[in-house]
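These notes concern the structure reproduced below.
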Amino acid sequence: MARIGIVVFPGSNCDRDVHYILNKVLKIPADFVWHTDSKLSAYDSVIIPGGFTYGDRLRAGVIAAHTPVAIELKKMAKGGRTILGICNGFQILVECGLLPGALVMNNSRSFVCRWTTIRVDNNKTPFTSLLKRNQTFKIPIAHGEGRYVADGRLLKSVLKNNQVVFRYFNDDPNGSVDHIAAVCNEEGNVMGIMPHPERAPVNRSFDEASMIFRCLSTYLQPK
Amino acid sequence: MADLTKDESRYLAYKLNREPNKIEKEIVAAEWSEHCSYKSSKRFIKMLPSKGKHVIVGPGYDAAVLDVGDGYVITVHIQSHNHPSAVDPYGGAATGVGGVIRDIISTGTRPIALLDALRFAPLHEENNEDGSSTSEWLLRHVVRGIGDYGNCIGVPTVAGEIEFDPSFINYCLVDVASIGFGRRDSIVRNRANYDDLIILVGGPTGRDGIHGAAFASKTYLHHNRSAVQIPDPFLEKLLIEAITEAVEEGAIKALKDLGGGGLSCCLSEMSDSLGKGFDIELREVHVKEKGMSPLELMLSESQERMLIITDHLKIDNIRRIFDKYELKYVILGKIKDHHNLVIRCNEKIVANMPSTIVANAPLARRYSKRPAYLTTLRLDFTPPVTPSNLTGVLLSMLSNPTIASKDWIYRQYDHEVGLRTMLKPGEADASVLRLNNGKFISVKLDGNSKQCYIDPYHGTLGCLSEACRNVACTGAFPIGIIDHLQFGSPENPEVFWSFRKAVNAINNYCKFMKIPVVGGKVSFYNETSKGPIKPTPVIGAIGLIEEKRLITQSSLKDGNAIFIVGTTANEIGGSEYYEYVHHITGGNVAKVDMNIDRLNLRSILQLIDKNVVSCVHDCSKGGVAVAISEMAILGGVGFNVFIDKIPNSCSNIDSLLFSESHSRYVIGTKEPKTVEKILSGIEGLVFSRICDAYKEKVTFKMKSKILIDTDLPAITTNFKRLEQIMTR
Chain A
8 MARIGIVVFP
18 GSNCDRDVHY
28 ILNKVLKIPA
38 DFVWHTDSKL
48 SAYDSVIIPG
58 GFTYGDRLRA
68 GVIAAHTPVA
78 IELKKMAKGG
88 RTILGICNGF
98 QILVECGLLP
108 GALVMNNSRS
118 FVCRWTTIRV
128 DNNKTPFTSL
138 LKRNQTFKIP
148 IAHGEGRYVA
158 DGRLLKSVLK
168 NNQVVFRYFN
178 DDPNGSVDHI
188 AAVCNEEGNV
198 MGIMPHPERA
208 PVNRSFDEAS
218 MIFRCLSTYL
228 QPK
Chain B
3 MADLTKDESR
13 YLAYKLNREP
23 NKIEKEIVAA
33 EWSEHCSYKS
43 SKRFIKMLPS
53 KGKHVIVGPG
63 YDAAVLDVGD
73 GYVITVHIQS
83 HNHPSAVDPY
93 GGAATGVGGV
103 IRDIISTGTR
113 PIALLDALRF
123 APLHEENNED
133 GSSTSEWLLR
143 HVVRGIGDYG
153 NCIGVPTVAG
163 EIEFDPSFIN
173 YCLVDVASIG
183 FGRRDSIVRN
193 RANYDDLIIL
203 VGGPTGRDGI
213 HGAAFASKTY
223 LHHNRSAVQI
233 PDPFLEKLLI
243 EAITEAVEEG
253 AIKALKDLGG
263 GGLSCCLSEM
273 SDSLGKGFDI
283 ELREVHVKEK
293 GMSPLELMLS
303 ESQERMLIIT
313 DHLKIDNIRR
323 IFDKYELKYV
333 ILGKIKDHHN
343 LVIRCNEKIV
353 ANMPSTIVAN
363 APLARRYSKR
373 PAYLTTLRLD
383 FTPPVTPSNL
393 TGVLLSMLSN
403 PTIASKDWIY
413 RQYDHEVGLR
423 TMLKPGEADA
433 SVLRLNNGKF
443 ISVKLDGNSK
453 QCYIDPYHGT
463 LGCLSEACRN
473 VACTGAFPIG
483 IIDHLQFGSP
493 ENPEVFWSFR
503 KAVNAINNYC
513 KFMKIPVVGG
523 KVSFYNETSK
533 GPIKPTPVIG
543 AIGLIEEKRL
553 ITQSSLKDGN
563 AIFIVGTTAN
573 EIGGSEYYEY
583 VHHITGGNVA
593 KVDMNIDRLN
603 LRSILQLIDK
613 NVVSCVHDCS
623 KGGVAVAISE
633 MAILGGVGFN
643 VFIDKIPNSC
653 SNIDSLLFSE
663 SHSRYVIGTK
673 EPKTVEKILS
683 GIEGLVFSRI
693 CDAYKEKVTF
703 KMKSKILIDT
713 DLPAITTNFK
723 RLEQIMTR
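Residue numbers (my numbering), protein chains in the order written: chain A, 8 to 230; chain B, 3 to 730.
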């Protein structure tokens, strides 16, 4: 059976949450993988969880993006394996150059923790294949540097290649360009998302946000 | 410089049977400071009831441990960082969080939640020459300090409270509590044997925070920035993970946080409590800067450091784990077969004293005298005239930052990380956290400096009642109380009188309710240039929700019938109505009748157990008018209250609306008949159905006369006042 590795860096702090939701709630097998562990390459798919890797020093995600594991991640992405970065994981993927654009300080200039609504823009990725286009659902956010930015030319190519996966719907919490909440690479196998899909299933019998993990799990099943 | 009094110096020399050298004297002075030794308070707080069926480890230097069944425990601790926060609000508040988290780690449990209780001068207090407000600056940076630290280490800040009062001018109270969770069998037992290794792990030791404990044990008159420590949450996060891992591997025999007094206090307290001698080499300490003297090394309060005892069998586990997290650690010394604290620097002994002498300060004798201001307050008191525009009063009360929505604060805190937060801040009277065994705990902090000032005894009883009511509103039975007693100088007999009244109140309430006091702290010398702060005991209640019991929120649902439980009396002294609306200090402070308090609390839990209520809200600051409005704002629905129906002994309308009488609850239900039947069956219970929730109108009527006439959008807008102030 395909296995998901949850990469743990010093300062990751949603690793346990993702592990709990996948294994205990959604029954999708997933393991912790310490960032220096060479076993990572054996995984079919990787999730980089949220947190404050290396204390967000210099800039969120930048130090993790310069550790040896980044080279391994790039190899895996090139080989077509799926990588999902959540919150700080998104920041790391952007800093690695695996995703376009950058994530900067929220326009409110403070950390924000609350729920918002996002809309599916691209349902042709491994993370969204079971969702409908334009479908909206509620999802929690918690970030200080979550404003997605891309300059005019880059944004144009992101839009043209259908790389925007989710947008904030009527409620942009950080001032992202074009209300972008999640983007993927051109191939669609690497996605970064600012909101926390792993937090949605708590206290709710069913939630649409965890469909992101179900989509991934379905995609990973042998065809 | 830390000082010993003449008596203390004499006592020390007598106990040592010689004169101490300079370093020894300073080590002892740090440990004998009020902050570390509790020398003024110990004999009183020792009398508090601390035993109960859930209590595994009661009050002491580190966190308390409570049994929650199925082999699991929760740990709890509270501390303040008032002096540092008043000088450097960001760093002071952040290091306050760091300290309380390390107390939780010290038990071998993982921190799962943070709570904060904050106090500032009113935000409009324009107390600087340039017109800026110091309290606004303090609030902004305290919240950011707590947020940045808690968010970074991945521990959610789930509940708290805030009060604005002019007595905190140019000062602030920053109390932080933390909850830990773990397996009962992995609790660190704190044992040591001959030849075990003493390890210092974490941040390097620098010149920051030297004399911090002494700083906190003196009246705060001038800004002493060098006594404030520097926060590093990333390092703390690594400590949490590494120590949790080492505890799981059974590699830790004893551990302790380095807090106030640095190595001096940590080493002497640990050596004393283990009953073992320590032989320490200071040359080993990893430092931030060269040339630190032995004294500086002993007194530095550099943050994110812990002391660990392990043995030769497990040292390799420790090395592997700390290397994995790239944590710096050093073997500082060994356990010896004597009972002394021996400190060496480059092999030369610089201090050598029996640790029991160092760790046990002679208790201070403090005098107490009823404060003269209490008589003045009574003589000067004249009740205000009831305002004609009560609608305006209600709107102003809702916009009072002490009452208004705290959304601006908790939105900056990650309150959901960890996936345990079942009720988020603002949704209910207390925060509810999921445990691994199907149970939940409910936690809340409460304080009321205004009422404790006018009546320290009844004010403190009120805080206890309120904290217990708040957890009961979520469906939890209180299983433990923590207290943080914050006062001015204990050398002032009037301050000490109030302190003793507060301790008496806790003693009486907890004995009566049979709820143990599981932990606490005392913070004296909270004084500003205007004199002592108002007496401020902050009470934390920890409630347990057994499996399958329903968790109750406080938002009103459309069509709910609204009941009130409890009597409203002319108890409006120290109320937000008097203080915020009329600027009057004085009058009758609400008194707690403990029999009624217990009866009402049990009745509420009975209703929640039977699943017949949609929402429950405690009636406290702002009285019944504010309580119902808050429920309406949360639920997005209006109401029409007939105030004649509120059970009361009030002589005027403003009392009835805004009195802060205790033991009252407001309930919303879809099954009014069942609720009525259950409540009628409880002997001695006072309750009444006062209105229904519907549409958008918000009115309070007496007979046919409309007293308050407004609507949902108006009360909702006014309730957002704190955010409006802070983002303007």
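Here a beta-carbon is modelled for each residue, glycine too, at the ideal position from N, C-alpha and C. Predicted model only: the values in this text are computed from it and were never measured.
Amino acids of chain A, ordered along the chain, whose beta-carbon sits closer than 8 Å to that of residue i
i: B:H417; result: C120
i: B:Q414; result: S117, F118, V119 and C120
Integer-rounded CB distance, given that residue j should sit under 8 Å from residue i
i: B:T462; j: B:I508; result: 6 Å
i: B:T159; j: B:I148; result: 6 Å
i: B:I155; j: B:E238; result: 5 Å
i: B:K611; j: B:C475; result: The sequence given here has Asp at residue 611 of chain B, not Lys. In fact, because the Cβ distance is near 13 Å, the residues do not count as touching under 8 Å.
i: B:I337; j: B:D197; result: 6 Å
i: B:R121; j: B:L175; result: 4 Å
i: B:R112; j: B:G204; result: With a Cβ gap of about 17 Å, B:R112 and B:G204 do not count as contacting.
8 Å Cβ cutoff, residue i in contact with chain A
i: B:L223; result: Its pLDDT being 46, under 50, B:L223 is placed unreliably by the model, and the measurement read from it follows with that caveat. No, B:L223 lies away from the interface with chain A (no Cβ there is under 8 Å from its Cβ).
i: B:K239; result: yes
i: B:F236; result: yes
i: B:N153; result: yes
i: B:G147; result: no
i: B:Y2; result: In this structure chain B extends from 3 to 730, so residue 2 of chain B is not present and cannot be described.
i: B:Y331; result: no
i: B:Y459; result: no
i: B:E328; result: yes
Residue j beta carbon less than 8 Å from that of residue i
i: A:R174; j: A:A157; result: no
i: B:C268; j: B:K255; result: no
i: B:A123; j: B:P168; result: yes
i: B:Y173; j: B:V99; result: no
i: B:R346; j: B:L284; result: yes
i: B:P206; j: B:K290; result: yes
i: B:L240; j: B:Y331; result: no
i: A:P133; j: A:N196; result: yes
i: B:M414; j: B:V145; result: Reading the sequence as shown, one finds Gln at residue 414 of chain B and not Met. In this structure, B:V145 lies closer than 8 Å to B:Q414 by Cβ.
i: B:S557; j: B:S661; result: no
i: B:N562; j: B:G575; result: no
Any C-beta of chain B under 8 Å from that of residue i
i: A:P17; result: yes
i: A:C94; result: no
i: A:F59; result: yes
i: A:C21; result: yes
i: A:A149; result: yes
i: A:Y27; result: yes
i: A:R154; result: no
i: A:R206; result: yes
Proximal residues of chain B, C-beta to C-beta of residue i below 8 Å
i: A:Y24; result: Before going further, note that residue 24 of chain A is Asp rather than Tyr in the sequence given. Per Cβ cutoff of 8 Å: V419, G420 and L421.
Cross-chain neighbours of residue i in chain B, by beta carbon under 7 Å
i: A:V209; result: L421
i: A:G62; result: C154, P235 and F236
i: A:G182; result: Residues of chain B passing the Cβ test: none, with the nearest at roughly 14 Å.
Under 9 Å by beta carbon: chain A residues contacting residue i
i: B:E725; result: Under the 9 Å cutoff, chain A gives no residues; its nearest Cβ is about 11 Å from B:E725.
Cβ-based neighbour list, residue i, same chain, cut-off 6 Å, excluding 5 preceding and 5 following
i: A:I148; result: T123, P180 and P202
i: B:L709; result: L392 and F702
i: B:M596; result: F514
i: A:Q142; result: V127
i: B:L223; result: Per-residue confidence for B:L223 stands at a pLDDT of 46, beneath the threshold of 50, marking its modelled position as unreliable; the derived number appears in the next sentence. Correct list: empty, nothing qualifies.
Residue i beta carbon near the ligand PLP (any heavy atom closer than 7 Å)
i: B:D694; result: Of ligands this structure carries none, so the ligand PLP is not represented either.
Beta-carbon contacts of residue i that lie in its chain and below 7 Å, excluding the five residues immediately before and after
i: A:V184; result: Y155, V156, A157 and L162
i: A:R221; result: L33 and L137
Beta-carbon proximity list for residue i, same chain, < 8 Å, skipping 5 on both sides
i: B:E33; result: S39, G263, S266, C267, S270, E271, V360, A361 and A363
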